[in-house]
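Chains as they are written, first to last, in our numbering: chain P, 1 to 107; chain A, 1 to 122.
Just so it is clear, CB atoms sit at the ideal spot from N, CA and C, and this is done for glycine as well.
Working notes, structure below.
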Amino acid sequence: DIQMTQSPSSLSASVEDRVTITCRASQSISSYLNWYQQKPGKAPKLLIYDASSLQSGVPSRFSGSGSGTDFSLTISSLQPEDFATYYCQQSYSTPRTFGQGTKVEIK
Amino acid sequence: QVQLVQSGAEVKKPGASVKVSCKASGYTFTSYDINWVRQATGQGLEWMGWMNPNSGNTGYAHKFQGRVTMTRNTSISTAYMELSSLRSEDTAVYYCAREIGYSYGSVWFDPWGQGTLVTVSS
Chain P
1 DIQMTQSPSS LSASVEDRVT ITCRASQSIS SYLNWYQQKP GKAPKLLIYD
51 ASSLQSGVPS RFSGSGSGTD FSLTISSLQP EDFATYYCQQ SYSTPRTFGQ
101 GTKVEIK
Chain A
1 QVQLVQSGAE VKKPGASVKV SCKASGYTFT SYDINWVRQA TGQGLEWMGW
51 MNPNSGNTGY AHKFQGRVTM TRNTSISTAY MELSSLRSED TAVYYCAREI
101 GYSYGSVWFD PWGQGTLVTV SS
């Protein structure tokens, strides 16, 4: 199974900060990497697919990059509604493993 | 709009089984795989398996093989996930999600159902 490791596990940031979350795969997964946002009590929501493609309706302050084993999600200017937990997921193979999550909290 | 609507919360005793439903609308049910993911309270997302609604083919995570069964009823565009021999560690929110994309590997989960809380307690 492919292991996905996110860092950091949590972070504190202020509104308008630039935030970057990283995700590392245990083997190369090409660009088959997705990012989801989850708010408390809600289902996850797709933000980025194929490492860097922005899902329709997602604000342009979210961006993704990377290929192979190293990936990142960047929020260019953190907004109040962005405080949530973010998960990466590989779709290169089954099981479709997720990272352990990164909780973005208000500083 | 495309949506997945899941059945309501369940409380089960250890050793029992639970069957969660996921009703699809707004798209052709048989055209996209359905995946199931669970999340224990305060924990991360755990992938359980997938089902092809057209063929009925399934694939399960090793952890759940022998205990999970994913089925469907195409006449009502509904997928089901049944988990047997429940234990307290199975207490979690269970989500269904449509897998959509371009080709092998280039796939993602969208949308997700609202989640179904399954509580296992004596």
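Next on the checklist: So, with DSSP's three-state summary, where would you put A:Thr30?
Outcome noted: In this structure, A:Thr30 counts as helix in the three-state DSSP scheme.
Next on the checklist: Tell me the rounded alpha-carbon separation between P:Trp35 and A:Gly15.
Outcome noted: About 35 Å.
Checklist entry - In chain A, which residues lie less than 7 Å from P:Pro95 when you measure between Cβ atoms? => result Annotation: Cβ neighbours of P:Pro95 in chain A (cutoff 7 Å, chain order): Trp47 and Ala61.
Next on the checklist: So, under 8 Å CB-CB, P:Tyr87 and P:Phe98 are touching, yes? Tell me the CB distance rounded to an integer number of Å.
Outcome noted: That belief holds up - the Cβ atoms of P:Tyr87 and P:Phe98 are roughly 5 Å apart, short of 8 Å.
Checklist entry - Of all Cβ atoms in chain A, is any one closer than 8 Å to the Cβ of P:Asp50? => result It does; some Cβ of chain A falls within 8 Å.
Checklist entry - Can you tell me the Cα-Cα spacing of A:Cys22 and A:Ser7, whole angstroms? => result One C-alpha to the other measures close to 7 Å.
Next on the checklist: Along the chain, where does the beta strand (DSSP E) containing A:Glu10 start, and where does it finish?
Outcome noted: Element bounds for A:Glu10: Glu10 to Lys12.
Item to check | Identity of the residues DSSP links to P:Met4 by a beta bridge | outcome: According to DSSP, which records beta bridges pairwise, P:Met4 is partnered with P:Ala25.
Checklist entry - When Cβ atoms are compared, which residues of the stretch 68 to 97 of chain P fall closer than 7 Å to chain A? => result So the close ones are Tyr87, Ser91, Tyr92, Thr94, Pro95, Arg96 and Thr97.
Next on the checklist: I need the straight-line Cα distance from A:Asp106 to A:Tyr94, nearest angstrom please.
Outcome noted: Correcting the residue type first, residue 106 of chain A is Ser in the shown sequence and not Asp. Their backbone Cα atoms lie some 24 Å apart in a straight line.
Checklist entry - Sorted by chain position, which residues of the same chain lie with C-beta nearer than 7 Å to P:Asp1's C-beta, five sequence neighbours on each side aside? => result The beta carbon of P:Asp1 lies closer than 7 Å to those of Pro95 and Thr97 in the same chain, with the five residues before and after it left out.
Checklist entry - Across which residues does DSSP place A:Ala24 in a beta bridge pair? => result A:Leu4, per the DSSP bridge assignment.
Checklist entry - Between P:Ala43 and chain A, is there a C-beta pair that is closer than 8 Å? => result Answer yes: the Cβ-Cβ gap between P:Ala43 and chain A drops below 8 Å somewhere.
Checklist entry - In this structure, does DSSP put P:Phe98 in helix, strand or coil? => result Of the three classes helix, strand and coil, the one that applies to P:Phe98 here is strand, per DSSP.
Checklist entry - Looking at the structure shown, is A:Thr186 part of a helix, part of a strand, or coil, going by DSSP? => result Outside the displayed span of chain A (1 to 122) sits residue 186 of chain A, for which this structure offers no information.
Checklist entry - So, does the CB of A:Gln125 fall closer than 8 Å to a CB anywhere in chain P? => result Chain A is shown from 1 up to 122; residue 125 of chain A falls before or after that span and cannot be answered.
Checklist entry - CB P:Tyr32 to CB P:Ser76, shorter than 8 Å? => result For P:Tyr32 and P:Ser76, no; Cβs fall outside 8 Å.
Next on the checklist: Assuming the contact rule is C-beta atoms closer than 8 Å, A:Glu82 and A:Asn35 should be a hit. Round their C-beta distance to whole Å, please.
Outcome noted: With 8 Å as the limit, A:Glu82 and A:Asn35 do not qualify as a contact, their Cβ atoms being about 15 Å apart.
Checklist entry - With distances taken from CA atoms, which of P:Ala43, P:Thr5 and P:Pro40 is nearest P:Ala25? => result Relative to P:Ala25, the option among P:Ala43, P:Thr5 and P:Pro40 whose CA is nearest is P:Thr5.
Checklist entry - Can you name, in chain order, every residue of its own chain whose Cβ lies under 8 Å from the Cβ of P:Arg18, other than the five neighbours on each side? => result Contacts found: Thr74, Ile75, Ser76, Ser77 and Leu78.
Checklist entry - Who are the neighbours of P:Ser26 on chain A, taking C-beta pairs under 8 Å? => result Per Cβ cutoff of 8 Å: no residues; P:Ser26 is ~15 Å from chain A at best.
Checklist entry - In chain P, what lies closer than 7 Å to A:Trp108 by C-beta? => result For A:Trp108, the chain P residues whose C-beta falls within less than 7 Å of its own C-beta are Asn34, Leu46, Tyr49 and Ser91, listed in chain order.
Item to check | Where A:Asn57 meets chain P, residues with beta-carbon distance less than 8 Å | outcome: Chain P residues near A:Asn57: none, gap ~12 Å exceeds 8 Å.
Checklist entry - CA-CA distance, A:Gly113 and P:Gly68? => result In this model, A:Gly113 and P:Gly68 are separated by some 30 Å (Cα to Cα).
Checklist entry - What are the start and end residues of the beta strand (DSSP E) that includes P:Gln38? => result Run containing P:Gln38: Leu33 to Gln38, per the beta strand (DSSP E) assignment.
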